[in-house]
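Using my numbering, you'd call the opening residue of the sequence shown number 11 and step up by one each time.
Ideal Cβ positions, reconstructed from N, Cα and C, are used throughout, including at glycine.
Structure record follows, encoded as structure tokens.
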Amino acid sequence: MKRRTLTIGETEILRMVQEEYGPQNTEKEVFFSEADEAVLFVKARDGTSPIMVVLTNLAVWRQDGTIADDEVLRREWLHTDRT
Numbered sequence: 011m012k013r014r015t016l017t018i019g020e021t022e023i024l025r026m027v028q029e030e031y032g033p034q035n036t037e038k039e040v041f042f043s044e045a046d047e048a049v050l051f052v053k054a055r056d057g058t059s060p061i062m063v064v065l066t067n068l069a070v071w072r073q074d075g076t077i078a079d080d081e082v083l084r085r086e087w088l089h090t091d092r093t
């Protein structure tokens, strides 16, 4: 499986995932798609996998303003209202 270093933006999204869902979501759990997108099947503290996130897309959308702010990202994309 191919690997690369996460970008700064991808790392920031991963940090948000860890804050909301727990430290068990590590960079080691990230895999890379054929399109070189960083993808994570998020693990909740109770062991379930409630969502999958494409760190690459979220980082780009956060940076270019498609996602208005971190509150919107957490609520609408990370579904923190479900934790």
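Q: Using 10 angstroms around the beta-carbon of Ile18, count the other beta-carbons present and answer buried if the total reaches 16, otherwise exposed.
A: Your numbering for residue 18 matches position 8 in the sequence shown. Ile18 counts as exposed, since fewer than 16 other beta carbons sit within 10 angstroms of its beta carbon.
Q | Ala45 burial status per 10 Å Cβ neighbour count (16 or more: buried) | A | The sequence position of residue 45 within the sequence shown is 35, counting from 1. Exposed is the call here.
Q. So what does DSSP say about Glu86, is it helix, strand or coil?
A. Along the sequence shown, read from residue 1 onward, the residue named residue 86 stands at position 76. DSSP places Glu86 in helix when its eight states are reduced to three.
Q) Relative to the alpha-carbon of Tyr31, which residue among Glu47, Val40, Gly75 and Ser59 has its alpha-carbon at the smallest distance? A) Mapped onto the sequence shown, residue 31 falls at position 21. Closest option to Tyr31, Cα to Cα, is Ser59.
Q: Please classify Val49: does DSSP put it in a helix, a strand, or coil?
A: Translated into the one-based positions of the sequence shown, residue 49 becomes position 39. In this structure, DSSP gives Val49 an extended state, which the three-state scheme calls strand.
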